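A.B. asks: Taking my numbering, the leading residue of the sequence shown gets 169, the next gets one more, and so forth.
A virtual CB, placed ideally from N, CA and C, is assigned to each residue, including glycine.
No experiment lies behind these values; they were computed from the predicted model shown.
The structure is given below, and queries will be raised subsequently.
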Amino acid sequence: MEIVTSPREMQTKAEEFRRKKLSLGLVPTMGYFHEGHLSLIRRARADCDVVVVSLFVNPTQFGAGEDFERYPRDIERDERLATAEGVDVMFAPEATDMYAEGYTTYVDVERLTEVLCGARRPGHFRGVATVVAKLLNICRPEVAYFGRKDYQQAQVIKRLAADLNYGVKIEVLPIVREADGLAMSSRNSYLSPEERRQATCLYRALARAQALFAEGERRPAKFLDEMAAVAKAEPAAEIDYIEIVHPLELTPVPKVEAGSVAALAAFINKTRLIDNTIIGEEDLKVGARPC
Ligand code: AMP
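Have a look at this one:
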């Protein structure tokens with residue numbers, strides 16, 4: 169596996185791959201790999217001639233007082249894992265190369281970024297959209313792979329790719345979970361054993377939503393109440409939001425339907441976690457395999 173840090177060098181390489189008619193799959197990440205990342209990498213490896221994984225903890229998507237400084241990093245381990253998965257190129261630029269002096273250009277995706285996490289983390293999706301736009305320009309992928317764990321992010325990126333005519337295929341892959349249901353996340357490493365136990369309340373709230381739907385319930389308020397009750401039962405948990413939204417518009421639904429998305433964010437003490445499920449379309453039983 170080759171490690172490239174210069175955006176310019178990466179772009180030249182990507183252009184060479186294009187000239188040789190090799191299909192390039194890009195997996196953008198902030199590193200500290202877990203099985204969620206690896207599922208994207210494996211899919212890219214299966215689909216494409218060349219797999220590029222980007223590893224960049226993007227400063228512009230973190231708000232003031234968020235965890236940019238302490239975000240977990242272990243590039244040697246990530247290199248080993250990526251090599252073992254047959255990744256061709258790891259693109260790991262420095263922030264000073266991605267945002268050189270005088271940098272002033274940002275990408276704003278409207279509407280979709282104003283709800284859910286966008287409403288609670290001002291500027292977050294502007295940072296995400298900007299860095300993804302840059303990564304697409306640098307790596308010129310045919311396909312880019314994202315996880316449904318970050319549901320809103322995936323919708324924002326699909327919109328961005330279509331609106332700015334990137335001509336890239338955006339693949340969104342299922343959420344990989346721990347055996348007890350907790351969605352895998354680099355931020356899970358912040359949790360103490362007791363917090364880790366309580367953190368399953370996000371998953372349990374989503375499982376409750378699936379159960380309600382299976383029982384025939386369709387009133388959003390009932391879902392929100394019951395999901396909140398599950399989360400609130402854990403003393404360390406503080407709900408940031410719980411919503412049932414339209415899968416594309418991300419706006420609250422008047423009636424819960426198959427395909428509606430239950431999404432929530434909660435703090436477990438200081439650690440903010442997110443999770444979601446597509447109502448009526450997933451088996452969220454405890455111990456279910458990665459879904
Ligand atoms: P991150 O490094 O957290 O920015 O994540 C990089 C990519 O992996 C994003 O597209 C995420 O949505 C995806 N991802 C993160 N966690 C999971 C998970 N548990 N299951 C599937 N994909 C994930």
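#1: Indicate, with yes or no, if the ligand AMP has a heavy atom lying under 8 Å from the CB of Ala389.
#2: Going by DSSP, what residue range makes up the beta strand (DSSP E) through Phe259?
#3: Look up Lys188 in the DSSP assignment and say whether it is helix, strand or coil.
#4: Tell me whether Tyr271 sits in a helix, a strand or coil according to DSSP, three-state version.
#5: Report buried or exposed for Tyr274, applying the criterion of at least 16 other Cβ atoms within 10 angstroms of its Cβ.
#6: Does the distance from the C-beta atom of Glu394 to that of Leu380 stay below 9 Å?
#7: Name the two residues that bound the continuous beta strand (DSSP E) containing Asn356.
#8: With DSSP as the reference, identify every bridge partner of Lys390, one or two as the case may be.
#9: Give every residue of the same chain whose Cβ lies closer than 7 Å to the Cβ of His292, excluding the five residues on either side of it in the sequence, and list them in chain order.
#10: My output table needs one value for Tyr371: the three-state DSSP class, helix, strand or coil.
#11: Please go through the same chain and pick out, in chain order, the residues whose beta-carbon is closer than 7 Å to the beta-carbon of Val255, but skip the five residues on each side of it.
#12: Looking at the C-beta of Asp215, does it have a partner C-beta in chain B at a distance below 9 Å?
#13: Considering only DSSP beta bridges, list what Lys438 is partnered with.
#14: Pull up the CB-CB distance for Cys369 and Ala399, whole angstroms please, since I reckon it's below 8 Å.
#15: Under 9 Å between the Cβ atoms of Val257 and Lys181?
#16: Looking only at C-alpha atoms, which of Ala373, Pro388, Asp348, Arg288 sits nearest to Gln320?
#17: Can you give me the start and stop residues for the alpha helix (DSSP H) that Glu247 sits inside?
#18: Would you call the CB atoms of Gln378 and Thr445 closer than 9 Å?
#19: Between the C-alpha atoms of Leu374 and Leu192, what's the straight-line distance to the nearest angstrom?
#20: Report, in whole angstroms, the separation of the C-beta atoms of Val413 and Pro420, which I expect to be a contact under 8 Å.
#21: Closer than 8 Å: is that where the CB of Tyr370 sits relative to any heavy atom of the ligand AMP?
#22: Any heavy atom of the ligand AMP closer than 8 Å to the Cβ of Ile446?
#23: Using the three-state DSSP reduction, which class does Tyr239 fall into: helix, strand or coil?
#24: I'd like to confirm the pairing. Which residues does DSSP put opposite Pro227 in its beta bridges?
#25: Would you check if the distance between the CB atom of Tyr313 and the CB atom of Val195 is smaller than 9 Å?
#26: Tell me the DSSP secondary structure of Pro458 in three-state form.
#27: Using DSSP with H/G/I as helix, E/B as strand and the rest coil, what is Pro196?
C.D. replies: Answer, in terms of the structure:
#1: Mapped onto the sequence shown, residue 389 falls at position 221. Checking the 8 Å criterion, the Cβ of Ala389 is out of range of every heavy atom belonging to the ligand AMP.
#2: As a working note, residue 259 is residue 91 in the sequence shown. Unbroken beta strand (DSSP E) run through Phe259: 257-259.
#3: Residue 188 sits at position 20 when you count from the first residue of the sequence shown. The DSSP-derived three-state label of Lys188 is coil.
#4: For the purposes of this step, residue 271 is taken as the residue at position 103 of the sequence shown. DSSP places Tyr271 in coil when its eight states are reduced to three.
#5: Looking up residue 274 in the sequence shown gives position 106. Under the 10 Å beta carbon count, Tyr274 is surrounded by fewer than 16 other beta carbons and is classified as exposed.
#6: As a position in the sequence shown, residue 394 is number 226, starting the count at 1. As a position in the sequence shown, residue 380 is number 212, starting the count at 1. Less than 9 Å separates the beta-carbon of Glu394 from that of Leu380.
#7: Mapped onto the sequence shown, residue 356 falls at position 188. Neither: Asn356 is in no beta strand (DSSP E) and is coded neither H nor E.
#8: What you label residue 390 is simply residue 222 of the sequence shown in a count that begins at 1. Lys390 pairs with nothing; no bridge assigned.
#9: As a working note, residue 292 is residue 124 in the sequence shown. Only Gln229, Gly231, Cys285, Gly286 meet the Cβ criterion.
#10: Stepping through the sequence shown from its first residue, residue 371 is reached at position 203. Note: Tyr371 maps to helix in three-state DSSP.
#11: Within the sequence shown, residue 255 is the residue found at index 87, counting from 1. So the qualifying residues of the chain are Met169, Ile209, Val219, Val221.
#12: In the structure shown, chain B cannot be found, because there is only a single protein chain.
#13: On the sequence shown, residue 438 is found 270 positions in, with the first residue counted as 1. DSSP lists no partner for Lys438.
#14: For the purposes of this step, residue 369 is taken as the residue at position 201 of the sequence shown. For the purposes of this step, residue 399 is taken as the residue at position 231 of the sequence shown. Contact flag correct, Cβ pair sits at about 5 Å.
#15: Numbered from its first residue, the sequence shown carries residue 257 at position 89. Numbered from its first residue, the sequence shown carries residue 181 at position 13. A contact, by the Cβ cut-off of 9 Å.
#16: Position 152 of the sequence shown, counted from the first residue, corresponds to residue 320. Nearest to Gln320 by C-alpha distance, out of Ala373, Pro388, Asp348, Arg288, is Arg288.
#17: Taking the sequence shown and counting its residues from 1, the one referred to as residue 247 is at position 79. For Glu247, the uninterrupted alpha helix (DSSP H) run begins and ends at 243-252, by DSSP.
#18: Locating residue 378 in the sequence shown gives position 210, where the first residue counts as 1. Locating residue 445 in the sequence shown gives position 277, where the first residue counts as 1. In contact: Gln378 and Thr445 (Cβ atoms closer than 9 Å).
#19: Taking the sequence shown and counting its residues from 1, one reaches residue 374 at position 206. Taking the sequence shown and counting its residues from 1, one reaches residue 192 at position 24. Computed Cα separation, rounded: 35 Å.
#20: Along the sequence shown, read from residue 1 onward, the residue named residue 413 stands at position 245. Along the sequence shown, read from residue 1 onward, the residue named residue 420 stands at position 252. For Val413 against Pro420, the beta-carbon gap comes to about 6 Å, under 8 Å, which counts as contact.
#21: Your numbering for residue 370 matches position 202 in the sequence shown. According to the sequence shown, residue 370 is Leu rather than Tyr. Checking every heavy atom of the ligand AMP against the Cβ of Leu370, none is found closer than 8 Å.
#22: Within the sequence shown, residue 446 is the residue found at index 278, counting from 1. With a cutoff of 8 Å, Ile446 does not count as near the ligand AMP, since its C-beta is closer than that to no heavy atom of the ligand.
#23: Counting from one through the sequence shown, the residue named residue 239 turns up at place 71. Here Tyr239 sits in coil by DSSP.
#24: Locating residue 227 in the sequence shown gives position 59, where the first residue counts as 1. Looking at the DSSP output, Pro227 sits in no beta bridge, so it has no partner there.
#25: As a first step, residue 313 must be located in the sequence shown, where it is residue number 145. As a first step, residue 195 must be located in the sequence shown, where it is residue number 27. Taking 9 Å as the cut-off, the Cβ atoms of Tyr313 and Val195 count as close.
#26: Working through the sequence shown from its first residue, we reach residue 458 at position 290. Any reading at Pro458 must be qualified, since the residue scores a pLDDT of 47, below 50, and its modelled position is unreliable; the value itself is stated next. Residue state, collapsed to three classes: coil.
#27: Taking the sequence shown and counting its residues from 1, the one referred to as residue 196 is at position 28. When DSSP states are grouped into helix, strand and coil, Pro196 belongs to the strand group.
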